[in-house]
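Here the sequence shown is numbered in the working numbering, starting from 29 and rising by one per residue.
Beta carbons are placed, not taken as given, at the ideal position from N, Cα and C, and that holds for glycine.
Note that this is a predicted model, so its numbers are computed, not measured.
Structure first, commentary second.
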Amino acid sequence: MIIQVVFYSMYGHTYKMAEAEAEGARQISGADVRLYQVEELVPDAILEHTGAQKARAAFAHVPYINIEQLAEADGIIFGTPTRYGMMCAQMRNFLDKAGGLWSKGALENKVAGVFTSSMTQHGGQESTILSFHATLLHLGMILAGVPYSEKRQSTFEEISGGSPYGASTVIGHNKPEVRPSENELSIARTQGRRISEITAQVLRGRTVKAASPMADMPA
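Rendered as structure tokens:
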């Protein structure tokens with residue numbers, strides 16, 4: 029069972045969430061979890077000027093993914109920072125190349141989820157995930173979020189990301205270096221584990237159906 033965690037990160041916050049998602053996904057027996065990043069579009073000179081180039085060194089070892097590799101996965105967890113309440117341009121550019129996969133139905137019935145990050149508490153986290161879902165539904169994927177059985181979503185002790193739609197982190201203006209918080213990372217681990225678990229259940233269901241001598245008989 030292959031679970032891909034595919035993300036874009038500029039300063040490393042979304043990367044930290046991606047690692048937590050992968051950690052959670054690995055908790056399910058048989059999960060082969062693979063971490064990837066999508067191609068950067070911002071010129072190196074601008075990344076250097078903003079300090080992003082230095083920050084990106086922390087995850088420079090993570091391989092870039094090409095669009096055809098998505099077909100290898102049984103479940104995919106996507107991570108993107110919020111850009112004006114929507115996914116970032118780098119992730120949009122990546123997914124816009126999926127026309128060939130869409131035409132073949134290559135991503136249909138794969139389990140998928142989304143996580144995100146934003147600078148402010150009301151920075152468009154939910155709209156980013158929900159609008160991202162539209163693309164995944166067009167590709168025929170099965171969506172999974174984070175139910176309220178994850179009690180950390182109901183914390184009142186701190187400002188924290190996390191919603192039924194997916195894990196998230198509020199970076200904040202004061203001390204962005206301490207984000208994501210442990211509460212947010214825990215929610216991300218829960219989402220990763222849940223998507224891995226649901227993927228395993230879907231695969232088991234297909235195996236049972238294929239093995240049944242009644243599977244191909246008319247109703």
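Candidates the options: closest to residue i by CA position
i	options	result
residue 102	71, 136, 160	136
residue 142	58, 109, 118	109
residue 105	113, 80, 187, 196	196
residue 193	73, 219, 82	219
residue 49	216, 130, 156	216
residue 227	89, 163, 128, 170	170
residue 128	145, 98, 151, 146	98
residue 92	234, 75, 68	68
residue 248	182, 166, 183, 161	The requested residue 248 is not part of the displayed model; the chain covers only 29 to 247.
Proximal residues to residue i (C-beta, below 6 Å), its chain only, five neighbours per side dropped
i	result
residue 126	95
residue 71	none
residue 55	221
residue 75	81
residue 86	40
Residue i - partner residues in DSSP beta bridges
i	result
residue 141	105
residue 31	61, 103
residue 171	140
residue 92	65
Residues near residue i by beta carbon distance below 7 Å, same chain, minus five either side
i	result
residue 100	30
residue 116	36, 108, 109
residue 154	191, 193
residue 168	133, 135, 136, 137
residue 180	190, 211, 214, 215
residue 231	29, 102
Neighbour-count burial assignment, residue i, 16 or more Cβ in a 10 Å radius
i	result
residue 138	buried
residue 44	buried
residue 123	buried
residue 77	exposed
residue 112	exposed
residue 176	exposed
residue 151	buried
residue 41	buried
residue 234	exposed
residue 57	exposed
Anticipated Cβ contact below 8 Å, residue i with residue j, distance rounded
i	j	result
residue 229	residue 198	Not quite, the Cβ-Cβ distance comes to about 32 Å (not below 8 Å), so this is no contact.
residue 157	residue 53	Not a contact, Cβ separation roughly 18 Å.
residue 164	residue 140	5 Å
residue 34	residue 61	Not quite, the Cβ-Cβ distance comes to about 12 Å (not below 8 Å), so this is no contact.
Sequence-distant residues of the same chain with beta carbon closer than 8 Å to residue i, five excluded per side
i	result
residue 187	149, 198, 200
residue 209	186, 188, 197
Interface flag, residue i vs chain C, CB-CB below 8 Å
i	result
residue 74	No chain C appears in this structure, which consists of one protein chain only.
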